[in-house]
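Okay, so here's the structure we're looking at.
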Amino acid sequence: MRERLEALSHLLMNKRKVLIVTHTNPDPDSIASAYAMRHLFASWGINSVLVYGGIIGRAENKVMINRLRIPLRSIQTVNPFNFKIISLVDAQPSSGNNPLPPSLVPSIVVDHHPARKTSLLKKVPFVDIRPGYGSTSSIMAEYLMESDVDINRRLATALYYGIKSDTRDLGRSANEVDIKISAELYPKVLVKTLSQIEYPRLPREYFRILQKALSRTTWYPTRGVLISELGVIGDPDMVAVVADFLIRVEGIKWVLALAQRDHEIFFSLRTTDYPKRSADRLARALIKGIEGGSAGGHDTTAGGRIGLLSLQEMDELREKLRDRFTNVLGCNAAKEVPFI
Ligand SMILES: [Mn+2]
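Residue 261 in numbering that gives the first Met the number 0 is what sits at position 262 of the sequence shown, and the numbering runs on without skipping anything.
Given below as structure tokens:
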């Protein structure tokens, strides 16, 4: 940790401003990590601008940003080429889930997803990727703790929620560091604010999508597989919401949730069948060879998208994703039944 901190502060020496970038449609872990990084850099007298791509969809994330006063703005409000130092958190260059132009190689990458595009990562001066961690928030909390920077209550709440949501209350892919850091942060957590973040008021649209998704879920009983079609959605995060919801069904080992928005297909994968098969690997297999496709994630959760499609391509590719998914898992189409 010491050496990493020194390398990082050395890289930022005499720099005035850093652009900190979350992944596209950022989740709480990405938002909290960016916020923590800003705090670390501020302790060195360096200003940062925090940006995201896509949209802030989930109600939880909106309340998090509002209540914890996280100064996050759309990347469309800045010109990334104006920054000498760009830092990417909870994502990796050209992984398809960050909003940076492909020609812009960041100077800093801090992430916990399995390392990708190693040729590209070699061009990044500072890389800290720890796939054993359940969250990037834990990594960033370690930086702050190691450098003795004061973690205020709002930051502690953000980091705690970042860890909690990425690891499903420390029960999913959390390592001992995630657990230890959570315990250390807890005394400072604004518990009432956290409750408001975790149980926000939800728009009617949320329930409409849920109803539609449930009524359009197919079930392969012998394989423990569900495929849910959400149809057209406004908030891409809803595929993850539905996938998380359905993986709780008794006897289910795999869930694929699919949706479309504008000219894009979004999908989310969940499994309880790891280590037999990894969600990250299956997600990447689903989009293999498909132009404009990107996917990735972790052992038990993953997702992806395919961009810029015509309406006809959209239907074909959704079928293709379904076919590939059912083939890999040995599902027999003749045994497909409605879930409800
Ligand atoms: Mn994460």
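C-beta: ideal position from N, C-alpha, C; glycine also.
Problem - Outcome for Pro101 when other beta-carbon atoms lying within 10 angstroms are tallied against a minimum of 16 - result: exposed
Problem - Asp28: CB within 7 Å of a non-hydrogen atom of ligand 1 - result: yes
Exercise for the section: Could you pull the start and end residues of the beta strand (DSSP E) that Lys275 belongs to? Expected result: Lys275 -> no beta strand (DSSP E), and no H or E assigned at all.
Handout entry: C-alpha distance - Leu87 paired with His9, whole-angstrom precision
Key = 18 Å
Practice task
Starting from Asn326, trace the alpha helix (DSSP H) both ways and give me its first and last residue.
Solution key: 310-327
Exercise for the section: With distances taken Cα to Cα, identify the nearest neighbour of Lys287 among Ile305, Thr192, Ser277, Leu18. Expected result: Ile305
Handout entry: Option nearest Arg68 by Cα separation, candidates Tyr34, Ile138, Leu316
Key = Tyr34
Practice task
Tell me, please, which residues DSSP counts as bridged to Arg304.
Solution key: Phe265, Ser293
Handout entry: Beta-carbon gap between Gly56 and Asp234 smaller than 8 Å
Key = yes
Practice task
Hey, could you find the ends of the beta strand (DSSP E) Ile259 is sitting in?
Solution key: The sequence given here places Gln at residue 259; Ile does not occur at that position. Where Gln259 is concerned, the enclosing beta strand (DSSP E) stretches over 253-260.
Practice task
Count the other C-beta atoms from every protein chain shown that fall within 10 angstroms of the C-beta of Phe206, then say buried if there are 16 or more, exposed otherwise.
Solution key: exposed
Handout entry: Any non-hydrogen atom of ligand 1 closer than 7 Å to Asp147 Cβ
Key = no
Exercise for the section: Check whether the Cβ of His9 sits closer than 7 Å to any heavy atom of ligand 1, and report yes or no. Expected result: no
Exercise for the section: Between the Cα of His112 and those of Thr300, Ala332, Leu316, spot the shortest distance and give me the residue it belongs to. Expected result: Thr300
Problem - Cβ of Arg129 within 8 Å of any chain D Cβ - result: No chain D appears in the structure shown, which is made up of a single protein chain.
Exercise for the section: Would you give the residue range spanned by the alpha helix (DSSP H) that His9 belongs to? Expected result: 1-10
Exercise for the section: Give the C-beta separation of Leu307 and Val224 to the nearest angstrom, bearing in mind that I take them to be a contact with Cβ-Cβ under 8 Å. Expected result: Between Val224 and Leu307 the Cβ distance is about 29 Å, and since that is not below 8 Å, they are no contact.
Exercise for the section: Return the bridge partner residues of Ile85 from the DSSP annotation. Expected result: Leu18
Handout entry: Closer than 7 Å: Thr135 CB and nearest ligand 1 heavy atom
Key = yes
Problem - Asp168 Cβ short of 7 Å to ligand 1 heavy atom set - result: no
Handout entry: Cut-off 6 Å between Cβ atoms - residues of its own chain near Ile339, not counting five sequence neighbours on either side
Key = Leu213
Problem - Near ligand 1: Asp234 beta-carbon under 7 Å from a heavy atom - result: no
Problem - For Leu53, the nearest candidate out of Pro98, Ile196, Ala41 (CA to CA) - result: Sequence check: residue 53 is Gly here, not Leu. Checked all of Pro98, Ile196, Ala41; the closest Cα to Gly53 is Pro98.
Problem - Distance CB(Thr325)-CB(Ala333) smaller than 8 Å - result: no
Handout entry: Heavy atom of ligand 1 within 7 Å of Asp165 beta-carbon
Key = yes
Handout entry: Contacts around Pro124, its chain only, beta-carbon distance under 7 Å, and the 5 residues preceding and following it disregarded
Key = Leu10, Ser106
Practice task
Kindly list the residues whose CB is nearer than 6 Å to the CB of Leu120, restricted to its own chain and excluding five residues on each side of it in sequence; keep chain order.
Solution key: Val126
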